[in-house]
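See below for the structure under consideration.
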Amino acid sequence: MRTSRDGYQREGIHLYTKGNRVKLYVASAPYFSDVADDMLEVRRGDLVYLTGWGTCNVPFKPHEPGTKFSELAEHAVKRGADWRMLVWSNITERAQNHELRDLINALPPPEQYGPARFVYDDRLPHATSSHHQKSVIVRKGRDLVAYVGGVDLTNDRWDTIEHDQAELRERTGIKCLWDGWLDAHARIEGPATKDVAQNFFDRWNSDKKPSQDLMDDLLDFENPDFSKLPPIDEGEIPIDIPQDGTHAVQLCRTFSPDYDHYGFAPQGEQSIFHARIKAIRNAQNYIFIQDQYFILVPELLDAIMEMMPSIERFIVIVQRTVEAGYTGYAKYLYDMVAPIQKAYPDKFKLYTTKESKQLYIHSKLVIVDDVYVSLGSANWNRRSMTSDSEIGINIVDTELVQSPDNITVNKLARNFRIQKFMEATKLTYDKLDAMTFLEACDALEAAAHDDGTSIIEPYSVEDQAHFDFVPDALRQIVDPDVEEN
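By full-length UniProt numbering, the letter at position 136 of the sequence shown is numbered 136, and the numbering carries on one by one without gaps.
Have a look at this one:
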């Protein structure tokens, strides 16, 4: 951890914690539902703190009235809870963010706390950097829960594992561009919740205030007054942190060393990056990735090539490149894929969603050997590993199960991998549960070549003539990097 922070100790956040209870979401609908339920349970003296890349006043439970983002906030504040949000000052999402900001910042303050606050955060090193963290912290009396993952509380995100709710998504204003959404998220109870909360406090209580420039005023990103917050456990009622779970959790982050005002990370933090390299190098059987991007990160490519001779499969399900050609993302994907594909065509499988399904892959998920799960906000690109603000968790389960391969693995990781294979293949859990890992890989491959029942297909990535004209300097703009600590 110190290496990822250039020798600086991380204050207030554990190296890892044991005894957590982690619930993983293979699709976003149950996540939205659980967040709504937790928000609806808050009372006087409780709190709701959030970080996000973007927001929108969408329903969290589209089948139920009264569950729009602003309605949940109003309910919480009326009952006396403290409500705080840190959201990136994203120009492309400005209108919908402003709508929610104006609704929340106008709420009458509760008796015990100051007014609810939606605060824009622009404290970043580069013009193209972003605050990409996605977290929710809810205190309910003695209980503290936290959520971390890839799902922003905004439009397009709500979807089920079946990806068959296009009509409902459109009718309720959830749909923006896509008919469905693939993602991954987690709910935490236990000691790691305080680590997630501390990350929020690190940013909120920073001496450097956000959005103080003239450009912020011109774009209406100016913030209302807000004060620093006390530690999470300084309420009238002490927090009861359970420690009877089976999950060890490590909270990892990205903060750029190129920004001078992260007092909590004076030389930045790249613990997500360092943990990912370590996880890859410890793989023995397989690596499974589902990600919005899979573009060249040289250190990650080196780690993969180092492990490919000894593992059985390397499976990647990635979003089809949809960005305009001038960004270079198609080239960066090819640069990542080509060396692996050339050297290990039988072991390496690359998939995307069937174009006819109009589904968007937004996950940031790595599973290794049915033992290790890593998810969060960080994409497989340089900016998420080194430059944007990111948050993620690495999870290992002490509850063990015997797989059909006669290998002892972690229950949580295996269950989640099977659920992700269910999502891709449309096979039942029971069928996939009975398969060896290689049999499940064969089922994945068969589904990719089916008549359209499944959602995946093989993704062919080939060299293109225009790649030669993508300048190296462009990459530092669209996928900024820093010197590795």
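Just so you know, even glycine gets a beta-carbon here, dropped at the ideal spot from N, CA and C.
query, result
"Contact belief for Gly328 with Leu474 at Cβ below 8 Å, rounded distance in angstroms", "5 Å"
"The region 272 to 292 touching the region 302 to 318, judged by at least three CB pairs closer than 8 Å", "yes"
"Own chain residues within Cβ distance below 6 Å of Gln358, not counting five before or after", "Trp178, Asp179"
"Lys342 (DSSP reduced to helix, strand or coil)", "helix"
"Under the three-state DSSP convention, the category His274 falls into", "helix"
"Start and end residues, alpha helix (DSSP H) containing Ser259", "The question names Ser, but residue 259 in the sequence shown is Tyr. First-last for Tyr259: undefined, no H or E at that position."
"Any C-beta of chain C under 8 Å from that of Thr172", "In the displayed structure, chain C is absent; only one protein chain is listed."
"Cβ-based neighbour list, Phe221, same chain, cut-off 6 Å, excluding 5 preceding and 5 following", "Ser89, Tyr120, Ser211"
"Where the beta strand (DSSP E) through Arg169 begins and ends", "First-last for Arg169: 166 to 171, but that is the alpha helix (DSSP H), not the beta strand (DSSP E)."
"For Ser374, the three-state DSSP class (helix, strand or coil)", "strand"
"Chain-order list of residues whose beta-carbon lies under 7 Å from that of Asp335 (same chain, five-residue window excluded)", "Leu296"
"Other residues of its chain near Asp213: CB distance less than 8 Å, five sequence neighbours each side excluded", "Asp122"
"Distance, His247 Cα to Thr67 Cα", "31 Å"
"Proximity of Asp370 and Asn410 at Cβ, strictly below 8 Å", "yes"
"Three-way DSSP call (helix, strand, coil) for Arg84 in this model", "strand"
"Pair within 8 Å by beta-carbon distance, Ala27 and Thr160", "yes"
"Within 8 Å, strictly: CB atoms of Ile241 and Arg139", "no"
"Trp204 - DSSP class collapsed to helix/strand/coil", "helix"
"Bridge-paired residues (DSSP) for Thr352", "Glu457"
"From Gly80, Ala184, Asp302, residue whose alpha carbon lies closest to that of Gln112", "Gly80"
"Bounding residues of the alpha helix (DSSP H) (the contiguous stretch that carries Thr412)", "According to the sequence provided, residue 412 is Leu. The question's Thr does not apply to it. Per DSSP, Leu412 belongs to the alpha helix (DSSP H) from 411 to 425."
"Cα-Cα separation, Arg169 to Lys431", "30 Å"
"Cβ contact (3+ pairs, closer than 8 Å) linking the region 446 to 458 and the region 339 to 357", "yes"
"Under the three-state DSSP convention, the category Val482 falls into", "coil"
"C-beta contact flag for Lys61 and Phe32 at 8 Å", "yes"
"Extent of the continuous alpha helix (DSSP H) to which Asn97 belongs", "94 to 105"
"Cα-Cα separation between Leu124 and Ile277, rounded to whole angstroms", "25 Å"
"Same chain, Cβ closer than 8 Å to Gly173, neighbours up to 5 away in sequence not counted", "Val58, Pro59, Asn155"
"Test item: CB-CB of Gly149 and Glu93 under 8 Å", "no"
"Check whether Asp6 and Pro404 have beta carbons under 8 Å apart", "no"
"Given Asp195 as reference, the closest of Asp34, Ile104, Thr17 once Cα atoms are compared", "Thr17"
"Own chain residues within Cβ distance below 6 Å of Asn394, not counting five before or after", "Gln250, Ala275, Ser374"
"Closest Cα partner of Gln319 within the set Pro224, Val461, Leu47, Asn415", "Val461"
"Status (buried if at least 16 other CB within 10 Å, exposed otherwise) for Ile289", "buried"
"Close beta carbons around Cys441, own chain, < 6 Å, minus the five adjacent residues each side", "Arg313"
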